[in-house]
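What follows is one structure encoded as structure tokens, with my remarks underneath.
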Amino acid sequence: MNTIKKMIYVMFAIVVISCQDDDQTFGEITAPVNLTVTATVANASDDNPYGDGSGMVTFSASADNATGYKYLFGDNSTMMSTGNAEHVFAQPGVNSYVVTVIASGAGGSQTTATTEVTVFSAFDDPATKQLLTGGASKTWYVAAALPAHLGVGPVGTGTPDYYAAAPFEKEGEGCFYNDAITFSLNAANNIVFNYDNQGASFFNVDFLSVGGGGGDADQCLGYDVSGDKFVNLAPATNSVYAEGATTGTQIIIADGGFMSYYIGTGTYEVVEIQDDYMMLRAIPGSNPDLAWYLKFTTDPAGGGGGGNSGGNMLTSEFEDLAWSDEFDGDSLDTSIWNYEIGNNNGWGNQELQYYTDTNTEVSDGTLKITATKEATNGFDYSSARINTKDNYEFKYGRVDVRAKLPEGGGTWPAIWMLGGNYTEVGWPATGEVDIMEYKGNEPDIVHGTLHYPDHSGGNGDTSSTTIENASGEFHTYTVEWTAEHILFAIDGEIFKEFTNSPAVPFNHTFFMILNVAMGGTFGGAVDPAFQQSAMEVDYVRVYQ
Numbered sequence: 050m051n052t053i054k055k056m057i058y059v060m061f062a063i064v065v066i067s068c069q070d071d072d073q074t075f076g077e078i079t080a081p082v083n084l085t086v087t088a089t090v091a092n093a094s095d096d097n098p099y100g101d102g103s104g105m106v107t108f109s110a111s112a113d114n115a116t117g118y119k120y121l122f123g124d125n126s127t128m129m130s131t132g133n134a135e136h137v138f139a140q141p142g143v144n145s146y147v148v149t150v151i152a153s154g155a156g157g158s159q160t161t162a163t164t165e166v167t168v169f170s171a172f173d174d175p176a177t178k179q180l181l182t183g184g185a186s187k188t189w190y191v192a193a194a195l196p197a198h199l200g201v202g203p204v205g206t207g208t209p210d211y212y213a214a215a216p217f218e219k220e221g222e223g224c225f226y227n228d229a230i231t232f233s234l235n236a237a238n239n240i241v242f243n244y245d246n247q248g249a250s251f252f253n254v255d256f257l258s259v260g261g262g263g264g265d266a267d268q269c270l271g272y273d274v275s276g277d278k279f280v281n282l283a284p285a286t287n288s289v290y291a292e293g294a295t296t297g298t299q300i301i302i303a304d305g306g307f308m309s310y311y312i313g314t315g316t317y318e319v320v321e322i323q324d325d326y327m328m329l330r331a332i333p334g335s336n337p338d339l340a341w342y343l344k345f346t347t348d349p350a351g352g353g354g355g356g357n358s359g360g361n362m363l364t365s366e367f368e369d370l371a372w373s374d375e376f377d378g379d380s381l382d383t384s385i386w387n388y389e390i391g392n393n394n395g396w397g398n399q400e401l402q403y404y405t406d407t408n409t410e411v412s413d414g415t416l417k418i419t420a421t422k423e424a425t426n427g428f429d430y431s432s433a434r435i436n437t438k439d440n441y442e443f444k445y446g447r448v449d450v451r452a453k454l455p456e457g458g459g460t461w462p463a464i465w466m467l468g469g470n471y472t473e474v475g476w477p478a479t480g481e482v483d484i485m486e487y488k489g490n491e492p493d494i495v496h497g498t499l500h501y502p503d504h505s506g507g508n509g510d511t512s513s514t515t516i517e518n519a520s521g522e523f524h525t526y527t528v529e530w531t532a533e534h535i536l537f538a539i540d541g542e543i544f545k546e547f548t549n550s551p552a553v554p555f556n557h558t559f560f561m562i563l564n565v566a567m568g569g570t571f572g573g574a575v576d577p578a579f580q581q582s583a584m585e586v587d588y589v590r591v592y593q
């Protein structure tokens, strides 16, 4: 989104009115006295009496016997402070605000002072306002499927160099991915914030006491976030990005509001925002040398969106190549790949092909597995199915297979994995990961499926996505597999996510399988005109 240029002019007048009880002490109660408040417009001068155009006003409050201060800025924003505060007034036009400062003392006593500030602001970011609210109301969720959906780095870099959460890494915390945050427009066209945390929020370790917790690690803590809060949009004041690399706008949430991860602030720079994706940057209240990063999506499952890529793109935590077959020779490497021969009672799916060891070819840098209409051992079609069982098996990692799929009604190519203990425990107890399945009868759809107990056969845990020119072009089919999750992607774009756990059989070694079936319960009717077509595989790579 293009950065919208903004100018803000501020003029102010200050009137301080103090009030306090005549009785300043009563037992343990000690009321603050001599409360004073000053306000300074940033870079105000004779030539520029309304400041430098940033809209920034700096406040300072002091009082004897005060233990803390609360600022009510008069534009629906509030801030807790030890005395000093900075605030940007961003409402367009000339507006006067009565800023109230409440000084707290021992025993719950309070003293107040008010300061009148008159501000002229030309700030406006209708694009961010529209994308944030959808023009009426829009709900956002933590983008759990995206890498670095939570991250932290030095304040001066603009990147989470110290830590970036892997997809679904915080699943075990039990609350972080349950949040629903809604931004709406009220009748006055003001932004209203509502946060549903289902009773608990994820707290940074520095702020556990705020939520009533303790310890030395981030925690989910029961915390009341009920009620609507007002939101202002203002120019970002802590940005380190070059022009065009950020919206230049920050979200300021009133009344202690925050977005999913409690770090002692309700102010977030909108680094990027799209219809279904938002990346925020915030400076925590505990350490001004740090910047935290949060990614949100409109997908309740934590997918969707994906930053500058324009989609829910996979950034893998696995980068070291552990094994590959690039098919650069002139024959299949049978020290790695085993042929499976026969029909095996339709392979449990009423398949029509007979698998041979002659329907593969390695040439010009690719493997071709060809399905052919020909009478073979009593069947009408021949094809091939190869696997790496006992030769190459692995646990966890990222699998990339670059392939061009066959065409023709009834073709059923598959790129998949099966548990290495298959012969001992059987199927589906061993587990099955179908990285890619495709029907020639539905040439615009690719499927990713998991089979395990209670999810076998037609009851598999499956998702699908659309694809363009699967038979005419190479695409990269990917599974990323960890103890916490299994992600399915095409050309780097995630289309399915699954939460792994010890309760399912995806935590032991698996082997690879490549095949092209014909017909059957999944492939469907074979086109009578079908003669021959191949799945062409450029490479199979495993990263760990």
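For the sequence shown, position 342 matches number 391 in our numbering, and the numbering has no gaps at all. Even glycine gets a Cβ: it sits at the ideal position worked out from N, Cα and C.
8 Å contact criterion, which residue i and residue j should meet: CB distance rounded
i      : j      : result
Ser288 : Glu318 : 6 Å
Phe232 : Thr182 : 5 Å
Pro284 : Gly507 : The Cβ separation is near 56 Å, so there is no contact.
Met466 : Phe559 : 4 Å
Val20  : Thr164 : Here the chain comprises residues numbered 50 to 593, so residue 20 is not present and cannot be evaluated.
Cutoff 7 Å; reference residue i; Cβ partners in own chain excluding five residues on either side
i      : result
Asp576 : Gly457, Gly458 and Gly459
Gly207 : Val289 and Tyr290
Tyr212 : Gly200 and Val201
Val191 : His198, Phe225, Tyr226, Asp228, Ser309, Phe345 and Gly351
Ala538 : Leu363, Thr527 and Phe544
Gly368 : With the sequence shown as reference, residue 368 is identified as Glu, and Gly is not the correct amino acid for it. The residues are Tyr592.
Asn92  : Gly100 and Asp101
Met398 : For the record, residue 398 in the displayed sequence is Asn; it is not Met. Closer than 7 Å at the Cβ level, and outside the excluded window around Asn398, lie Gly569, Thr570 and Phe571.
Gly509 : Thr498, Leu499 and His500
Asp265 : Val254
His534 : Pro216, Phe217, Glu546, Phe547, Thr548 and Asn549
Those residues which DSSP pairs with residue i across a bridge
i      : result
Leu381 : None, per the DSSP bridge assignment.
Leu416 : Val411 and Val586
Thr483 : Sequence check: residue 483 is Asp here, not Thr. DSSP output for Asp483 lists Trp465 and Thr498 as bridge partner(s).
Ser233 : Ser186 and Val241
Gly446 : Trp530
Lys453 : Glu585
Glu18  : Nothing about residue 18 can be reported from this structure: the residues present for the chain run from 50 to 593 only.
Lys178 : Paired residue(s): none; Lys178 is not in a bridge.
Tyr342 : Gly200 and Arg330
Gln159 : Ser153
Length of the line joining the Cα atoms of residue i and residue j
i      : j      : result
Ala229 : Tyr388 : 50 Å
Ile494 : Leu454 : 12 Å
Arg434 : Phe523 : 20 Å
Phe428 : Gln402 : 6 Å
Gly305 : Leu370 : 47 Å
Asn235 : Lys187 : 13 Å
Met584 : Ile562 : 13 Å
Met485 : Thr498 : 8 Å
Thr286 : Ile300 : 11 Å
Asp594 : Ser170 : For residue 594 there is no data in the structure shown, the boundaries of the chain being 50 and 593.
Gln581 : Ile390 : 19 Å
Asn281 : His136 : 11 Å
Phe555 : Thr415 : 30 Å
Gly378 : Ile332 : 55 Å
Ser365 : Ser126 : 40 Å
Asp324 : Asp587 : 35 Å
Glu423 : Asp374 : 29 Å
Thr472 : Trp386 : 18 Å
Asn45  : Asn239 : Absent from the model: residue 45. The displayed extent of the chain is 50 to 593, so no value can be given.
Gly541 : Val448 : 11 Å
Asp382 : Gly468 : 22 Å
Tyr441 : Trp372 : 9 Å
Cys269 : Val204 : 25 Å
Thr425 : Asp413 : 28 Å
Asn336 : Asp95  : 36 Å
Residue-level contact to chain D via CB, residue i, 7 Å cutoff
i      : result
Gly351 : The structure shown contains no chain D, having only a single protein chain.
Chain-order list of residues whose beta-carbon lies under 6 Å from that of residue i (same chain, five-residue window excluded)
i      : result
Val450 : Ile464, Tyr526 and Val589
Tyr272 : Ser250 and Gly260
Ala110 : Val86, Tyr118, Gly132 and Val150
Pro462 : Leu454, Pro455, Tyr487, Val565 and Met584
Ala152 : Pro81, Leu84, Ala112, Ala115, Tyr118 and Thr160
Thr107 : Thr89 and Glu135
Ala303 : Asn125, Ser126, Thr127, Lys278 and Phe279
Tyr342 : Gly200, Pro209 and Arg330
Met327 : Phe345
- Task: Ignoring anything shorter than 3 residues or poking outside the region 95-129, list the beta strand (DSSP E) runs there in chain order.
- Result: Secondary structure within the region 95-129: the beta strand (DSSP E) runs of 3 or more consecutive residues, fully enclosed, are 105-113 and 117-121 (chain order).
- Message: Quick check for students: name the residue ranges of the alpha helix (DSSP H) that lie wholly in the region 254-316, counting only runs of 4 or more.
- Response: none
- Identify every run of the beta strand (DSSP E) within the region 513-557, keeping only runs that are complete inside it and at least 3 residues long; order them along the chain. 524-530, 534-539 and 542-548
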